[in-house]
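Protein chains in written order, with our numbering: chain A, 1 to 288; chain B, 289 to 831; chain C, 832 to 1099. Input: a single structure, listed below in structure tokens.
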Amino acid sequence: MWTRVLVRRICTLLLTALLGGILGATLVRFAPGFGVDERELDIRLREDSVQALRQSHSNERNLLKFYGAYLEGVLHGDLGVSHSFARPVAGLFAERLPMTLRTVALGLVGGWLLALVLALPVATLRGWSFDFLASSASGAFLCLPSAVVAILFLYFGGPAALAICAVVFPRVFRYARNLLVQTYALPHVLTARARGLSAIRILLWHIFPVAAPQLLALAGVSVSIALGAAIPIEVICDSPGIGQLAWQAALSRDLPLLVNMTLFVTLVTLAANAAADLTTKAFLRHTA
Amino acid sequence: MRTHRLALLAAGFLLAALPAKPQSGGELRFVLRSEPKTFDPMLVDEEASETIRYLTGGVLIRVNRKTQALEPELAVSWKVSEGGKKISFRAREGLLFSDGTPFTAEDVAFTMQKLMNPDLHSPTGDSFRSSQGPVRVTTANPRDVTIEFPAPVAGLERLFDQVAVVSSHSPKKEAAVLGPFVVAEYKSGSYVLLKRNPLYWKKDARGRRLPYLDSIRLDIQQNRDLELLRFKRNEIQLINSLDASYFENLAKEAPSAVRDIGPSLDSEQIWFNQVPSAPIPDYKKNWFRSTSFRLAISEAINRDDLCRVVFGSHARPAVGPVSPANLFWFDKSLQPHPYDPQAALRRLQQEGFRLDGHVLNDPGGHAVEFSVVTNAGNKYREQMAAMIQQDLEQIGIRLNIVTLDFPSLIERISRTFDYELCLLGLVNVDLDPSAQMSVWLSSSSNHQWNPEQKSPATSWEAEIDRLMQAQASTNDQNQRKRYFDQVQKIVWEQQPFIYLVNKNALVVISPALANTSPVVLRPQTFWNVETLYFSNQGRGASQ
Amino acid sequence: MKFLRQTAAVFLVAIFIATLFAGILAPAPYARQFRESPNALPSRIHLLGTDELGRDLFSRLLYGSRVSLLLAPAASLLATIIAALVGGVAGYVGGWIERIALAGTDLSMSLPWLFLLLTVRAVLPLNLPPAASLLITFGLLGFFGWAASARVICAGARGLRNSDFVLQAKACGCSSQRVLLQQVLPNLRPVLYAQFLISIPVFILTEANLGILGLGVSEPLPSWGGLLRGLENWSAVQANPARLAPLVLLFVVVSCFQLVMPQEDFAS
Chain A
1 MWTRVLVRRI
11 CTLLLTALLG
21 GILGATLVRF
31 APGFGVDERE
41 LDIRLREDSV
51 QALRQSHSNE
61 RNLLKFYGAY
71 LEGVLHGDLG
81 VSHSFARPVA
91 GLFAERLPMT
101 LRTVALGLVG
111 GWLLALVLAL
121 PVATLRGWSF
131 DFLASSASGA
141 FLCLPSAVVA
151 ILFLYFGGPA
161 ALAICAVVFP
171 RVFRYARNLL
181 VQTYALPHVL
191 TARARGLSAI
201 RILLWHIFPV
211 AAPQLLALAG
221 VSVSIALGAA
231 IPIEVICDSP
241 GIGQLAWQAA
251 LSRDLPLLVN
261 MTLFVTLVTL
271 AANAAADLTT
281 KAFLRHTA
Chain B
289 MRTHRLALLA
299 AGFLLAALPA
309 KPQSGGELRF
319 VLRSEPKTFD
329 PMLVDEEASE
339 TIRYLTGGVL
349 IRVNRKTQAL
359 EPELAVSWKV
369 SEGGKKISFR
379 AREGLLFSDG
389 TPFTAEDVAF
399 TMQKLMNPDL
409 HSPTGDSFRS
419 SQGPVRVTTA
429 NPRDVTIEFP
439 APVAGLERLF
449 DQVAVVSSHS
459 PKKEAAVLGP
469 FVVAEYKSGS
479 YVLLKRNPLY
489 WKKDARGRRL
499 PYLDSIRLDI
509 QQNRDLELLR
519 FKRNEIQLIN
529 SLDASYFENL
539 AKEAPSAVRD
549 IGPSLDSEQI
559 WFNQVPSAPI
569 PDYKKNWFRS
579 TSFRLAISEA
589 INRDDLCRVV
599 FGSHARPAVG
609 PVSPANLFWF
619 DKSLQPHPYD
629 PQAALRRLQQ
639 EGFRLDGHVL
649 NDPGGHAVEF
659 SVVTNAGNKY
669 REQMAAMIQQ
679 DLEQIGIRLN
689 IVTLDFPSLI
699 ERISRTFDYE
709 LCLLGLVNVD
719 LDPSAQMSVW
729 LSSSSNHQWN
739 PEQKSPATSW
749 EAEIDRLMQA
759 QASTNDQNQR
769 KRYFDQVQKI
779 VWEQQPFIYL
789 VNKNALVVIS
799 PALANTSPVV
809 LRPQTFWNVE
819 TLYFSNQGRG
829 ASQ
Chain C
832 MKFLRQTAAV
842 FLVAIFIATL
852 FAGILAPAPY
862 ARQFRESPNA
872 LPSRIHLLGT
882 DELGRDLFSR
892 LLYGSRVSLL
902 LAPAASLLAT
912 IIAALVGGVA
922 GYVGGWIERI
932 ALAGTDLSMS
942 LPWLFLLLTV
952 RAVLPLNLPP
962 AASLLITFGL
972 LGFFGWAASA
982 RVICAGARGL
992 RNSDFVLQAK
1002 ACGCSSQRVL
1012 LQQVLPNLRP
1022 VLYAQFLISI
1032 PVFILTEANL
1042 GILGLGVSEP
1052 LPSWGGLLRG
1062 LENWSAVQAN
1072 PARLAPLVLL
1082 FVVVSCFQLV
1092 MPQEDFAS
């Protein structure tokens, strides 16, 4: 039963991701400026060199052929060669992925910690003033575009991870706060508190089991929030990660790079959501 | 006793007056504004790779960036013969590549043969290829090499400034270099680290081996604000081509660091689409092909305001294709078209245009309205477009500004020709007008306003073709200058390109760096990199 | 809290009205260049000073606010309508239609829409009036921004699927179409309304992000995103802190929206 669900999930996930890749590739292929190279304007180049540059994208014009060749390459572990960087895509990913993963992971952990640290007292203390302060703080970050957050961090010398943290925190806080407030108001929690159980015990035994499914789903969503924020933040902060790579790939119509990028982002987003979903189901079954 | 003391004092002054002994060591840091696409010196086609080639490559002849004269480097002497068809070099003896492989004339031959392979499509190689046919390279002995081209190459010896010699024997291939530095580390999107080449051949007056610096760290960074911020934090020591908007700000904080070296070789210009097959209405094509219309637009643009407002007075109204910074080739008899909207309007009225209220109508009754395309994200071009928009409004012309990302823009100006007016800049690396050959020949794909013509569309374009060919086929510099002056004059009269401004070269150099002498030619600040050193050792190394 | 909400609502209405009358309130046309006084400090003539080209910042802010405040709700409406159609039907019908719709929203959320926005301007005709290109940009934002709302609405509709009144309506022999239109949609109204309100600040912020990245409204028409690009020149901001005004206004307006909109619970 379990394995069937898992296999079905993984198949859907892979199919959707592939579809995402095909759609991404179609977008790039039919975008204006596809197959145009900035170097064509180099006044030193002679006619035959300009013509050679113009021909260099001819193998990508037929999208189906390109995608077929690409998938065949992927099966052999070859992700293709980026035009704009004149290097294998796999190498570029290997160099830049750790940077983004670190930034996003740190931002996520930071954002979650901050959100929970603020949301828990709001739910337990039930004081108006603390709630107001914490909600205002998170609301303030919620009202700033992530690009502005990036600019501010740039000028005040903060790392990119902190900027992602600033984007993730308010969104997580908002939901976590509401969820925890509701959960703490449940009758069995109130009874437990009336019986004088320790705060830790209430949290671990009575709050988390109830709130966990939704928190897990939120965790899935927060991954895509963090990844989405990584692009403007990395571009503005000049952080050499995947987000910056995606931006440069888009600006130079780098088909091989963009296809991999779309596939990667779709896979991560879907995987995060699916993982959250599956854990939630497992959790519900377990607690039931 | 007294005279003795005086003598001592005098000796002391003399010692102090002697140039300070340069200190070795330290790491110079500055920023590359894009990722270098290649480390192969033959395939270099953008600024970041060019910077690395300049710092690591050894060349036969170097253009002194300050005097703009030629100086021998790996070649002790050279001779151009047969009207610019043939060049012979005598190579310097006893030099070693960075990996210890000896340097001989054979390496020069190898480099040239590889570079001249038409299938390589190297911009450096292409600048030598003035006509079809094989290039003959012969080495008489380990010191002498002769290169013979199928046809004369104008300004031949200058082109060797771009040719970094690679080893024919070294197992490290192009990683073995003859320049002052070698590439030690590269992390994509992050940095390139260059280390001192311990086998570099040049020595200073005291006999010490150059370069003084231990290493150069080039951080890859696009954000100009961040670059400035890092300079203020003393994390980098040089900024090339500083944005004019930062100049005043930095001049207040660090007056000794910022320098305006005067007009650079680069220009900003606009041009109308004159392609007969362009998908734009015929009446608009008629405007754009009319010399009077182009002249009127040129006169309606307030270039002084552009320089003052957009560039904070760190630019000069441009005259034509050659900047006043190009000492030899600039035609001093020409002046920028004066700002005179009334004269522009009169000129248009003579052509049958009418100003009805605030709208200019053409003889056919069409309101004069067109769009200008430029690349998105370039603050100066967007601002210039906005100012030109207001200038043209004064003579009843409505201008729509469209910013496009580069690939879309290039597609429009070089493939579909679906544009009306384009605003772009021209980066000039070479002083010699032969480098602009592909811009001026009507048959070329870079003849932007009407490229790839089978035969010249106008008599003045035919005349430019003739003059450009004529200047390229002689080696007499003065005769060439006379021909090219005529080209400049025709361009000034016909305005196929309406030149707007020549930006000044603005640079920032940390006071900790000694022996600097910034110039307008690229690379502005570090052209004499081998003799740069830190006057205060700690500052460079501690970063 | 109620007082805060009311104040926020009043403020939003006031700003909205002010931007509608930008033509009267603005001391100068937004594109007019006072070339003799670029980068001017705030004064009686230029309340917030001028930008690099000498354009009056206060006027630009007023006109820019109009662009953002009128078009963000329009984009939000479009997004909510699409989300209601996709999410409502998927949630109500369930089964494989729901699965496909949810996969579609997943896909839609991970596609490089930024890239599409980047290229949209490039395919539009060149002599299109700036207002039209602006409308298209926001239209696209609305068109692409439906996915998140669709998930929420789908969850809401799923809840209604087995509710008593729907079952009763079905038992009475109502057609699916009729149930959907007369029972499900009206009961989804609170969710739709909440999604509509929630999406407005999202689109305001999206436009601001695009503007900063240089993909927003093109010169000389101002928008909050375009005005925020001024923040990139930090030294100019330091010289004239009034340049932070667009950021402050954006901040206040989005905060007001946050206050006014109903408190949502987490729904996945």
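Using N, Cα and C, we set each Cβ at its ideal position, and we do this for glycine too. Please read these numbers as outputs of a predicted model, since none were measured by experiment.
Residue environment, residue i, which counts as buried when at least 16 other CB atoms sit within 10 Å
{"i": "GLN557 (chain B)", "result": "buried"}
{"i": "ALA305 (chain B)", "result": "Bear in mind that the predicted position of ALA305 (chain B) carries a pLDDT of just 46, short of 50, making it unreliable; the figure below should be weighed with that in mind. Under this definition ALA305 (chain B) is an exposed residue."}
{"i": "ILE349 (chain B)", "result": "buried"}
{"i": "GLY653 (chain B)", "result": "exposed"}
{"i": "ILE855 (chain C)", "result": "exposed"}
{"i": "HIS646 (chain B)", "result": "exposed"}
{"i": "PHE132 (chain A)", "result": "exposed"}
{"i": "LEU45 (chain A)", "result": "buried"}
{"i": "TYR571 (chain B)", "result": "exposed"}
{"i": "CYS11 (chain A)", "result": "exposed"}
Residue span of the beta strand (DSSP E) that contains residue i, given as start and end
{"i": "PRO605 (chain B)", "result": "603-605"}
{"i": "PHE469 (chain B)", "result": "469-475"}
{"i": "ALA793 (chain B)", "result": "785-797"}
{"i": "GLU315 (chain B)", "result": "315-320"}
{"i": "VAL807 (chain B)", "result": "Element bounds for VAL807 (chain B): n/a, residue is neither H nor E."}
{"i": "ASP644 (chain B)", "result": "642-644"}
{"i": "ALA363 (chain B)", "result": "363-369"}
{"i": "ALA800 (chain B)", "result": "Run containing ALA800 (chain B): none; DSSP gives neither H nor E here."}
{"i": "PHE377 (chain B)", "result": "374-379"}
{"i": "LEU482 (chain B)", "result": "479-484"}
8 angstroms contact criterion, which residue i and residue j should meet: CB distance rounded
{"i": "LEU809 (chain B)", "j": "LEU553 (chain B)", "result": "7 angstroms"}
{"i": "LEU343 (chain B)", "j": "LEU482 (chain B)", "result": "6 angstroms"}
{"i": "ARG380 (chain B)", "j": "ALA363 (chain B)", "result": "7 angstroms"}
{"i": "ARG505 (chain B)", "j": "ARG321 (chain B)", "result": "Between ARG321 (chain B) and ARG505 (chain B) the Cβ distance is about 15 angstroms, and since that is not below 8 angstroms, they are no contact."}
{"i": "PRO1032 (chain C)", "j": "ALA250 (chain A)", "result": "Their Cβ separation, rounded to whole angstroms, is 26 angstroms, which puts PRO1032 (chain C) and ALA250 (chain A) out of contact at 8 angstroms."}
{"i": "PHE1034 (chain C)", "j": "ALA903 (chain C)", "result": "4 angstroms"}
Those residues which DSSP pairs with residue i across a bridge
{"i": "GLY713 (chain B)", "result": "B:GLU556"}
{"i": "SER82 (chain A)", "result": "A:ARG87"}
{"i": "PRO360 (chain B)", "result": "B:ILE349"}
{"i": "THR662 (chain B)", "result": "B:THR691"}
{"i": "PRO543 (chain B)", "result": "Looking at the DSSP assignment, PRO543 (chain B) forms no beta bridge with any residue, so it has no partner."}
{"i": "LYS491 (chain B)", "result": "B:ARG497"}
Reduced DSSP category for residue i - H, G, I as helix; E, B as strand; rest coil
{"i": "ALA537 (chain B)", "result": "A small fix is needed here, since residue 537 (chain B) is Asn in this sequence, not Ala. Residue state, collapsed to three classes: helix."}
{"i": "LEU1062 (chain C)", "result": "helix"}
{"i": "PHE429 (chain B)", "result": "Residue identity differs from the one stated: residue 429 (chain B) is Asn in this sequence, not Phe. ASN429 (chain B) falls in the coil class under three-state DSSP."}
{"i": "ALA862 (chain C)", "result": "coil"}
{"i": "ALA829 (chain B)", "result": "For ALA829 (chain B), the predicted structure reports a pLDDT of 40, less than 50, and the residue's modelled location is therefore unreliable. A value from the coordinates is still provided. Here ALA829 (chain B) sits in helix by DSSP."}
{"i": "ASP619 (chain B)", "result": "coil"}
{"i": "ALA299 (chain B)", "result": "With a pLDDT of only 45 at ALA299 (chain B), under 50, the local geometry of the prediction cannot be trusted, and no value is derived from it."}
{"i": "LEU687 (chain B)", "result": "strand"}
{"i": "CYS59 (chain A)", "result": "Just to set this straight, residue 59 (chain A) is Asn in the shown sequence, not Cys. Helix, per DSSP."}
{"i": "ASP328 (chain B)", "result": "coil"}
{"i": "LEU1044 (chain C)", "result": "coil"}
Residue interval of the alpha helix (DSSP H) (run including residue i)
{"i": "GLU445 (chain B)", "result": "444-447"}
{"i": "ARG1009 (chain C)", "result": "1007-1010"}
{"i": "GLU515 (chain B)", "result": "512-520"}
{"i": "PRO923 (chain C)", "result": "In the sequence on display, residue 923 (chain C) carries Tyr and not Pro. Taken as a continuous stretch (DSSP letters only), the alpha helix (DSSP H) holding TYR923 (chain C) covers 888-924."}
{"i": "ASP768 (chain B)", "result": "A small fix is needed here, since residue 768 (chain B) is Arg in this sequence, not Asp. Unbroken alpha helix (DSSP H) run through ARG768 (chain B): 765-782."}
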